[in-house]
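Visitor: Protein chains in written order, with this note's numbering: chain A, 68 to 321; chain B, 68 to 321.
Glycine included, C-beta positions come from ideal geometry on N, C-alpha and C.
Predicted model, so just to flag it, every value in this text is computed and none were measured.
Questions regarding the structure given below will be posed in turn.
2 protein chains.
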Amino acid sequence: MEYTVKALARLAGISPRTLRYYDEIGLLRPARVNAAGHRLYGREEVDKLQQILFYRELGLNLDRIARIVNDPAFDVLQALRKHLHDLLAKKRHLEKIIATVEKTIRAQEGGLEMSDEEKFAAFKDKLLAENEAKYGREIREKYGEEAVERSNRQFRNMSQEDYERFKNLEQEVKNTLAEAVKTGDPAGPSAQKAAALHKEWLTCAWGHYSPEAHAGIVQMYVDDPRFAAYYDAIRPGAAAFLRDAVLVFTGRKQ
Amino acid sequence: MEYTVKALARLAGISPRTLRYYDEIGLLRPARVNAAGHRLYGREEVDKLQQILFYRELGLNLDRIARIVNDPAFDVLQALRKHLHDLLAKKRHLEKIIATVEKTIRAQEGGLEMSDEEKFAAFKDKLLAENEAKYGREIREKYGEEAVERSNRQFRNMSQEDYERFKNLEQEVKNTLAEAVKTGDPAGPSAQKAAALHKEWLTCAWGHYSPEAHAGIVQMYVDDPRFAAYYDAIRPGAAAFLRDAVLVFTGRKQ
DNA sequence: CCTTGACATTAACGTAACGTAAAGGTGTAG
DNA sequence: CTACACCTTTACGTTACGTTAATGTCAAGG
């Protein structure tokens, strides 16, 4: 009733290497080692291995399994509940990306060769989603629930021409802003032109416009490191400069 | 409009290390490197990174992503379809183990402290499932569809006393078989006692008995390396010996 | 007695996609 | 002139083993 590594491995449907590894990390030590240095496993070890493989099958990592099978005081139930929670999160995530992949496939099959722009939009969408995960509550509180939703819908439904216009506007904003920052005056004519172009761009992106939202979003450009990086790459301080220009443009500052 | 690693990383919501890694593996090279050896990225690289992150989000590995974004002739559609197939398989697997975890949790919550025996049963179940994956068609062809199902049900529904009896019988079979093998005679009295005990054990496990199935299963003990390992651990050649003994027992051999 | 073959052992690198120091160069603002 | 904030490369750690490589042990057969 003693098993060598190979025998136990075959019995359990795993590899001898796995058993040596489990010995190495202290997860399952052999009952004894004979004179030749060979590992020998007995009844107890077989049972323990069965437990180990059971939990392994459930997707728990070896660290947690070790605590479960070696420490009788360990709260298995809690560990399982946490594990279940992780698994459900994983499942939701999987379902999301499955939907996206299906959408992507349909788009390509539809002959309309998902354009880079659409990929870009999808990515932006994802960025917004990420952003929401981080700043979600703030943003939704500040700009309102459906503002965010509308923005996403608008973005996705944008036509090719709209998108071209949108991209050109973006470039114009950048160029004008780059010049304006040099003047150092947020109330000056080039700064105000940049603010006006930004309003156009915003309207194009959101499908509507309000001075409050405009003032709000440029503040976010300063607060959110990602947007800050984007604008500050044009020229250091550009994000803050644009905010000041827009505050003047919307009449919130002298 | 040029980004350093940090700026681009912030823009994309990833780490500078990731960008250096992508450079290292040739996935995304910077537009140029300045005199100080600093990486600088331009418009093109930003766009490409967006594509990369889009596909990364879908769960594709960097290898495939590299082929998608660098080789315009690459069949993206096919890659996505294969990916979708993998994802669906993953999802099914996830759902299975979620169900098992939930069952395990309920069992523990029910106060009935899922006994080692139940774990053992669950594991056996899993073993049978694995076995079926490998030898499924053969087994089902040989022993019939519902025989397999009934076996599983029977196994799971076994009471604690049944289980004790089952385990004792298992031990008796082993002991008797160990003695019998020494005699070398499959038709001898101890070999026939082993065969009879094995019949008891089998009846207990399956909830029914037939000589054909009995003869069939001992043949499987010889053919399937896992069962072979289990019986041969008692004594080398025990699997084949048991088969011969059962063939005599069931009247299939002299 | 020696070989063969089938087992066993340890050591050590490889995997994917980065995180995380460590050690050092560069550039600019005070 | 010195902080400080960047940048660089090198290299080890992560998970759960797979895969050689080099070597040791044991029973059977010539």
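Based on the DSSP output, what are the partners of residue 70 of chain A in its beta bridges?
Guide: A:108
Visitor: Work out the CA separation of residue 107 of chain B and residue 313 of chain A for me, nearest whole Å.
Guide: 30 angstroms
Visitor: State yes or no: is the beta carbon of residue 200 of chain B nearer than 8 angstroms to at least one beta carbon in chain A?
Guide: Low confidence applies to residue 200 of chain B: its pLDDT is 40, below 50, so where it sits in the model is not reliable, and the reading given next is rough at best. No, its Cβ sits nowhere closer than 8 angstroms to a Cβ of chain A.
Visitor: What are the residues of the stretch 147 to 160 of chain B that lie near chain A, defined by any Cβ-Cβ distance shorter than 8 angstroms?
Guide: 147, 148, 150, 151, 154, 155, 157, 158
Visitor: Three-state secondary structure (DSSP) at residue 232 of chain B?
Guide: Under the three-state reduction of DSSP output, residue 232 of chain B falls in the helix class.
Visitor: DSSP three-state call for residue 84 of chain A: helix, strand or coil?
Guide: helix
Visitor: In the DSSP output, what is residue 100 of chain B paired with across the bridge?
Guide: B:106
Visitor: Using a Cβ cut-off of 8 angstroms (strictly closer), state whether residue 304 of chain A contacts chain B.
Guide: no
Visitor: Any beta carbon of chain A sitting closer than 8 angstroms to that of residue 135 of chain B?
Guide: no
Visitor: For the alpha helix (DSSP H) containing residue 305 of chain A, list its first residue and its last residue.
Guide: Going by DSSP, residue 305 of chain A is part of the alpha helix (DSSP H) stretching over 305 to 316.
Visitor: Does residue 175 of chain B have its Cβ less than 8 angstroms from a Cβ in chain A?
Guide: yes
Visitor: Which residues in chain A have a C-beta closer than 8 angstroms to the C-beta of residue 169 of chain B? List them in chain order.
Guide: 151
Visitor: Would you identify the three-state DSSP class for residue 122 of chain A, choosing helix, strand or coil?
Guide: helix
Visitor: In this structure, how does DSSP classify residue 128 of chain A when only helix, strand and coil are distinguished?
Guide: Three-state result, residue 128 of chain A: coil.
Visitor: For the alpha helix (DSSP H) that contains residue 254 of chain A, what are its first and last residues?
Guide: Where residue 254 of chain A is concerned, there is no enclosing alpha helix (DSSP H), given that its DSSP letter is neither H nor E.
Visitor: Find out if the Cβ-Cβ distance for the pair residue 146 of chain B, residue 94 of chain B is shorter than 8 angstroms.
Guide: no
Visitor: Would you grab the beta carbon distance between residue 83 of chain A and residue 90 of chain A for me? Rounded to a whole angstrom, and I think it's under 8 angstroms.
Guide: Not a contact, Cβ separation roughly 11 angstroms.
Visitor: Flag this pair as touching only if the stretch 119 to 137 of chain A and the stretch 124 to 141 of chain B have three or more C-beta atom pairs under 8 angstroms; answer yes or no.
Guide: no
Visitor: Could you check the C-alpha separation between residue 306 of chain A and residue 110 of chain B for me, to the nearest Å?
Guide: 19 angstroms
Visitor: If we call anything under 8 angstroms between Cβ atoms a contact, is residue 158 of chain B one with residue 170 of chain A?
Guide: no
Visitor: Along the stretch 234 to 265 of chain B, where does the CB come closer than 8 angstroms to a CB of chain A? Name the residues.
Guide: 241
Visitor: Is the number of C-beta pairs between the stretch 240 to 248 of chain B and the stretch 259 to 268 of chain B that are closer than 8 angstroms three or more?
Guide: yes
Visitor: Return the residue from the list A:317, A:302, A:315, A:311 that minimises the CA-CA distance to residue 69 of chain B.
Guide: A:302
Visitor: Could you confirm whether any beta carbon from chain B is found closer than 8 angstroms to the beta carbon of residue 125 of chain A?
Guide: For residue 125 of chain A, a Cβ of chain B is located within less than 8 angstroms of the residue's own Cβ.
Visitor: In the DSSP assignment, the alpha helix (DSSP H) including residue 145 of chain A goes from what residue to what residue?
Guide: 143 to 174
Visitor: If we cut at 8 angstroms on Cβ distances, does residue 284 of chain A have a partner in chain B?
Guide: no
Visitor: Given a threshold of 16 other Cβ atoms within 10 Å of its Cβ, counted over all protein chains shown, does residue 135 of chain B qualify as buried or as exposed?
Guide: buried
Visitor: Residue 268 of chain B and residue 240 of chain B: beta carbons closer than 8 angstroms?
Guide: yes
Visitor: Measuring straight from C-alpha to C-alpha, what distance separates residue 100 of chain A and residue 71 of chain A?
Guide: 10 angstroms
Visitor: Out of B:308, B:92, B:275, which has the shortest C-alpha to C-alpha gap to residue 130 of chain B?
Guide: B:92
Visitor: DSSP on residue 90 of chain A, reduced to helix/strand/coil?
Guide: helix
Visitor: Could you compute how far the alpha carbon of residue 85 of chain A sits from the alpha carbon of residue 125 of chain A?
Guide: Cα-Cα distance, rounded: 17 angstroms.
Visitor: Is the shortest distance between the beta-carbon of residue 172 of chain A and the beta-carbons of chain B less than 8 angstroms?
Guide: yes
Visitor: Please confirm whether residue 140 of chain A has its beta-carbon closer than 8 angstroms to some beta-carbon of chain B.
Guide: no
Visitor: When you compare the CB positions of residue 161 of chain A and residue 154 of chain B, do they come within less than 8 angstroms of one another, or not?
Guide: Cβ atoms of residue 161 of chain A and residue 154 of chain B: closer than 8 angstroms.
Visitor: Going by C-alpha to C-alpha distance, which of B:277, B:252, B:286, B:298 sits closest to residue 237 of chain B?
Guide: Per the Cα distances, B:298.
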